[in-house]
């Protein structure tokens, strides 16, 4: 079925469908490392790119291609490259677009490993980098230099829920022939389409909302144009960070219910955010759907909703955070986000506990900060769980 002109939900279910020789209703798992050619000429044509045949699963696989084609269509891009993890996607993009003497302007509050690999590894290869608050367009403009190759944006950010105006940032970057890359993990194509807003490349950790069931790790990169797609895909193939066929099958299966899951999770998140904003033991709440969020209007402009991630600050700081973590029952104490289950995390006592208070504050991690990934459970149960835990502070 050609789904190009179909609605988003129809694309979720049918885009990328592979015509299996046995008429399978869903794309099967092609669990194979290599593929046999029909003839010597067919093999030559495959290696020359003249045939759509498959060669080797690191290069391409029917199950993986079905997922890639679906993601390319959902993000309105030319093509997609599935990877073994979100960081494999990030690394492939960096390797494809950066090199000795080149410069990247990056969101200061980008996902930790996305920043760390630049500072720790790419700096050793002669890559220059500037980290700025990309929500402030003037900082982007001032950071761009003659050798700037990439503007890397994460919006909304983790865990500060800060937004960047993708359309305006892209205009600034393109005035200087700078490639714009957007990490769209926190929104998914259901809520935000960076390529439509001017970005050149969009990537996801599909571990989160795309798969949505907390049972795989994976990534995907979608490019707007053919040349960029081929450049990034070639880099991934050489790095060897391809997605496994079974990963691809599970991720594609999860993708089909994206809109249903996002609708429920977002509706739950709004009610939870409103509850938290009115709670006497909560100092502040950051959720783009709240009118109190400083970038609420921007969220309405470039997103079709507000996702299901909430950050909030507990009065009582570090000890209050520990008490809540040790007394929730429904929410799981875990990293990651975007699954059907509700997850809670207190960075100061968990993921960032080894850092000094000063270092945490420099990273935007206050002692009372709680990161809350709202799931699709009955919202009254989610709120009740939080309520009884905070009552113990």
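Residue numbers (my numbering): 1 to 393. For each residue, glycine too, the CB sits at the ideal point set by N, CA and C.
Just the Cα atoms here: how many angstroms apart are residue 309 and residue 161? Residue 309 and residue 161: Cα-Cα distance of roughly 8 Å.
Is the CB-CB distance between residue 248 and residue 67 below 8 Å? Taking 8 Å as the Cβ cut-off, residue 248 and residue 67 qualify as a contacting pair.
Would you say residue 127 and residue 102 are within 8 Å of each other, going by their C-beta atoms? Their beta carbons are under 8 Å apart, which means residue 127 touches residue 102 by this criterion.
Cut-off 6 Å between Cβ atoms - residues of its own chain near residue 205, not counting five sequence neighbours on either side: In the same chain as residue 205, and ignoring 5 residues on each side of it, the C-beta atoms closer than 6 Å to its own belong to 86, 185 and 219, in chain order.
Looking at the unbroken alpha helix (DSSP H) that takes in residue 371, where does it start and where does it end? Counting along the chain, no alpha helix (DSSP H) covers residue 371; the unbroken beta strand (DSSP E) around it starts and ends at 369-373.
Helix, strand or coil at residue 312 [DSSP, three-state]: Residue 312 carries a strand assignment under DSSP once its states are collapsed to helix, strand and coil.
Give the straight-line distance between the Cα atoms of residue 314 and residue 353, rounded to the nearest whole angstrom. Distance between the alpha carbons of residue 314 and residue 353: 17 Å.
Which whole-angstrom value describes the C-beta separation of residue 98 and residue 149, a residue pair presumed to lie in contact below a C-beta threshold of 8 Å? Correct: roughly 6 Å between the Cβ atoms.
For residue 172 and residue 137, I'd like the C-alpha separation in whole angstroms. Cα-Cα distance, rounded: 8 Å.
Taking the runs of the alpha helix (DSSP H) that are 4 residues or longer, which of them lie wholly in the stretch 52-134? As for any alpha helix (DSSP H) of minimum length 4 sitting wholly inside the stretch 52-134, the runs are 62-74, 86-97 and 112-120, ordered along the chain.
With contact counted as at least three CB pairs below 8 Å, one residue from each stretch, are the stretch 185-199 and the stretch 292-307 in contact? Counting Cβ pairs under 8 Å, three or more are found: they touch.
Span of the alpha helix (DSSP H) holding residue 388? Segment 379-390, the alpha helix (DSSP H) holding residue 388.
Runs of alpha helix (DSSP H) lying entirely within the stretch 234-302, each at least 4 residues, in chain order: Taking only runs of at least 4 residues, the alpha helix (DSSP H) segments lying wholly in the stretch 234-302 are 245-255, 258-277 and 296-302.
If you reduce the DSSP assignment to three classes, tell me which class residue 25 lands in. Coil, per DSSP.
In angstroms with no decimal places, state the Cα-to-Cα distance between residue 231 and residue 112. So the two alpha carbons sit approximately 25 Å from each other.
Let me know the secondary structure DSSP gives residue 152 once reduced to three states. Under the three-state reduction of DSSP output, residue 152 falls in the strand class.
Please go through the same chain and pick out, in chain order, the residues whose beta-carbon is closer than 7 Å to the beta-carbon of residue 364, but skip the five residues on each side of it. Spatial neighbours of residue 364 in its own chain (CB-CB distance under 7 Å, excluding positions within 5 residues in sequence) are listed in chain order as 109 and 160.
In this structure, how does DSSP classify residue 164 when only helix, strand and coil are distinguished? The answer is coil: DSSP assigns residue 164 none of H, G, I, E or B.
Roughly how many angstroms separate the alpha carbons of residue 409 and residue 165, rounded to a whole number? With the chain represented from 1 up to 393, any question about residue 409 goes unanswered, as that position is not in the structure.
Alpha carbon to alpha carbon, how far is residue 121 from residue 239? Give it in angstroms, no decimals. Going by the C-alpha atoms only, they are around 15 Å apart.
Check the C-beta distance from residue 377 over to residue 342 and give it rounded, since I have them as a contact under 8 Å. At roughly 6 Å, the Cβ-Cβ gap stays under 8 Å, so residue 377 and residue 342 are in contact.
Give the secondary structure of residue 345 by DSSP, where H, G and I count as helix, E and B as strand, and everything else as coil. Looking at residue 345 - three-state DSSP - the assignment turns out to be strand.
Can you tell me where the alpha helix (DSSP H) holding residue 324 begins and where it ends? It spans 317-325 - the alpha helix (DSSP H) in which residue 324 sits, taken as one unbroken run.
Quick check on DSSP: helix, strand or coil for residue 219? Correct three-state label for residue 219: strand.
If you run the structure through DSSP and keep just helix, strand and coil, what is residue 13? The answer is helix: DSSP assigns residue 13 an H, G or I state.
Are residue 269 and residue 374 close, meaning C-beta to C-beta below 8 Å? Yes.
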